[in-house]
């Protein structure tokens, strides 16, 4: 019997993180997207050999860099980019005061 699509996506994503960690001997974080029936999108992520602090730091860096990409689109008049930039900028502003890249990324949970 075949596993449901969302479980297959989670398993494949977890396997990809494990393989990447094995082949590079580095901590790994993978994220995947898959279109699902009805026009939706399934999303999964997995981390291998990473602390929660390291995962939070990676998420912060991605969001912080995303604001720059969205700013480019917003400057060109894209309404979706403008709305996305507002949301992501708000999230980064909330995370930034409590996040110390050196200390938090090396933390252990």
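Residue numbers (the working numbering): 35 to 143.
All residues carry an ideal CB built from backbone N, CA and C; glycine is no exception.
If you're wondering where the values come from, they're calculated on a predicted model, not measured in any experiment.
Three-state class that DSSP yields for residue i in the structure shown
{"i": "residue 150", "result": "No answer is possible for residue 150: the residues shown for the chain start at 35 and end at 143."}
{"i": "residue 138", "result": "Here the model assigns residue 138 a pLDDT of 49, short of 50, so the residue's position is not dependable and the matter cannot be decided."}
{"i": "residue 71", "result": "helix"}
{"i": "residue 115", "result": "helix"}
{"i": "residue 101", "result": "helix"}
{"i": "residue 56", "result": "helix"}
{"i": "residue 38", "result": "coil"}
{"i": "residue 85", "result": "coil"}
{"i": "residue 106", "result": "helix"}
First through last residue of the alpha helix (DSSP H) which encompasses residue i
{"i": "residue 76", "result": "Segment 74-82 is the beta strand (DSSP E) holding residue 76; no alpha helix (DSSP H) there."}
Beta-carbon separation (whole angstroms), residue i vs residue j, contact threshold 8 Å
{"i": "residue 63", "j": "residue 78", "result": "That pair is no contact at about 12 Å."}
{"i": "residue 66", "j": "residue 101", "result": "About 23 Å separates the two Cβ atoms, so there is no contact after all."}
{"i": "residue 126", "j": "residue 97", "result": "5 Å"}
{"i": "residue 129", "j": "residue 94", "result": "5 Å"}
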